[in-house]
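Visitor:
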Ligand SMILES: Cc1cc2nc3c(=O)[nH]c(=O)nc-3n(C[C@H](O)[C@H](O)[C@H](O)COP(=O)(O)OP(=O)(O)OC[C@H]3O[C@@H](n4cnc5c(N)ncnc54)[C@H](O)[C@@H]3O)c2cc1C
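Residue numbers (the working numbering): 498 to 760.
#1: Compare the C-alpha of residue 739 against each of 731, 748 and 732 and name the closest.
#2: Alpha carbon to alpha carbon, how far is residue 665 from residue 529? Give it in angstroms, no decimals.
#3: Could you pull out every residue in the same chain whose Cβ sits closer than 7 Å to the Cβ of residue 719, ignoring the five residues on either side in sequence?
#4: Taking a contact to mean a Cβ-Cβ separation below 7 Å, would you say residue 565 touches residue 539 in this structure?
#5: Look at the alpha carbon of residue 656 and the alpha carbon of residue 732, and state the distance between them as a whole number of angstroms.
#6: So for residue 627, helix, strand or coil by DSSP?
#7: Restricting to Cα atoms, I'd like to know which of 560, 744, 680 and 688 is closest to residue 658.
#8: Return yes when the C-beta of residue 712 is under 6 Å from any heavy atom of ligand 1, and no when it is not.
#9: I'd like the ranges of any alpha helix (DSSP H) spanning at least 4 consecutive residues and lying wholly in the stretch 606-689.
#10: Indicate, with yes or no, if ligand 1 has a heavy atom lying under 6 Å from the CB of residue 723.
#11: Using alpha carbons as the reference points, say which of 741, 668 and 699 lies closest to residue 556.
#12: Does the beta-carbon distance from residue 498 to residue 636 come in below 7 Å?
#13: Within 10 Å of its beta-carbon, does residue 671 have 16 or more other beta-carbons around it, so buried, or fewer, so exposed?
#14: Examine ligand 3 and report whether any of its heavy atoms sits within less than 6 Å of the Cβ of residue 534.
#15: Using CA coordinates, which residue listed in 596, 509 and 602 is at the minimum distance from residue 706?
#16: According to DSSP, is residue 760 part of a helix, a strand, or is it coil?
#17: Could you say which of 621, 730, 620 and 641 lies nearest to residue 628 if we only look at CA atoms?
#18: With respect to 6 Å, is the separation between the Cβ of residue 600 and the closest non-hydrogen atom of ligand 1 below this value?
#19: As a quick exercise: from 648, 742, 630 and 552, pick the residue whose alpha carbon is nearest that of residue 578.
#20: Which word fits residue 623, buried or exposed, when buried means at least 16 other C-beta atoms lie within 10 angstroms of its C-beta?
#21: Please determine, among 717, 503 and 614, the residue with the shortest C-alpha to C-alpha distance to residue 646.
#22: Where does the unbroken alpha helix (DSSP H) through residue 508 begin, and where does it stop?
#23: Please work out which residues of its chain come closer than 6 Å, Cβ to Cβ, to residue 504, disregarding the five sequence neighbours upstream and downstream, and give them in chain order.
#24: Could you check whether the Cβ of residue 626 sits closer than 6 Å to any heavy atom belonging to ligand 1?
#25: By DSSP's criteria, residue 554 is part of a beta bridge. Which residues make up the other side?
#26: By the DSSP assignment, the alpha helix (DSSP H) with residue 581 in it spans what residues?
#27: Given that a residue counts as buried once 16 or more other Cβ atoms are within 10 Å of its Cβ, and exposed if not, what is residue 537?
#28: Can you find a heavy atom of ligand 1 that lies under 6 Å from the Cβ of residue 678?
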């Protein structure tokens with residue numbers, strides 16, 4: 498069985514910066530971590546690997562060259578191989594172009610991939626669209642909001658969080674599953690894993706290496722455009738009503754709140 502896990506490197510703080518001119522995210526800087534939900538996806542893949550003896554786990558990341566660190570961390574946690582998708586031309590990719598590139602990277606992982614696990618959303622872009630984009634480009638089912646996974650011989654039974662509860666679905670392989678934080682407690686790298694991570698080479702692909710044209714990725718391959726980036730303006734007024742022993746100040750307050758549609 499072959500499981501692919503997507504690991505995205507994201508800023509380690511909530512302080513995601515955008516270039517005000519281009520609307521493009523600034524992805525340089527040292528304070529980067531693996532997207533937390535991708536750690537849940539990775540932990541689940543390792544859990545499945547430890548429960549059987551026929552499982553290979555490949556981690557895939559698209560980003561700057563520094564994203565190799567995320568792949569090494571994934572191997573330290575128990576993955577067997579890492580694929581880095583990196584080239585200047587990928588910069589500025591929206592979820593369509595990212596989905597196309599990640600789908601091409603999955604094909605490079607081999608034609609034996611049964612299960613793709615990823616986070617439901619990344620803490621920086623946070624669109625939650627990448628998983629279904631990849632499933633679309635691979636022409637396989639994409640299941641979202643998954644909080645439990647049970648692997649069978651040729652299928653997977655998943656528990657999806659839906660509006661009024663849960664649904665259990667069994668889907669034959671290959672399938673892509675995006676997970677939420679309820680799926681598990683995130684695992685830790687092991688000493689053996691850390692030693693292995695030093696030795697395992699990371700396969701790297703650029704645009705032609707993935708069999709794509711540069712017009713399909715980056716800003717040229719991204720129909721979504723950031724029109725303007727701005728911080729919302731917050732304004733605050735204080736209105737004081739003095740208690741005068743009558744209900745009038747309270748009545749006025751209620752009238753005001755109704756006029757602002759607060760109550
Ligand atoms: C309008 C718009 C414009 C954007 N413009 C830019 C831009 O100019 N430059 C830019 O860098 N980004 C841009 N982004 C963000 C860009 O879409 C994301 O970098 C990327 O497409 C993933 O989107 P996301 O963070 O929303 O991931 P989500 O869809 O929230 O992530 C879901 C899961 O997909 C997987 N995943 C997502 N991205 C990767 C990755 N790179 N490698 C491995 N796994 C991954 C992870 O497992 C993640 O948990 C833009 C987004 C929007 C909505």
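From the three backbone atoms N, C-alpha and C, an ideal C-beta is built for every residue, glycine too.
Guide: If we stick to the structure as given:
#1: 748
#2: 35 Å
#3: 589, 590, 591, 593 and 594
#4: no
#5: 43 Å
#6: helix
#7: 680
#8: no
#9: 627-635
#10: yes
#11: 699
#12: no
#13: buried
#14: Absence of ligand 3 is noted for the structure shown, with ligand 1 being the only ligands found.
#15: 602
#16: coil
#17: 641
#18: no
#19: 552
#20: exposed
#21: 614
#22: Residue 508 -> not in any alpha helix (DSSP H); beta strand (DSSP E) instead, spanning 506-508.
#23: 531, 535, 556, 558, 567 and 571
#24: yes
#25: 500
#26: It is not in any alpha helix (DSSP H) - residue 581 instead sits in the beta strand (DSSP E) that spans 578-582.
#27: buried
#28: no
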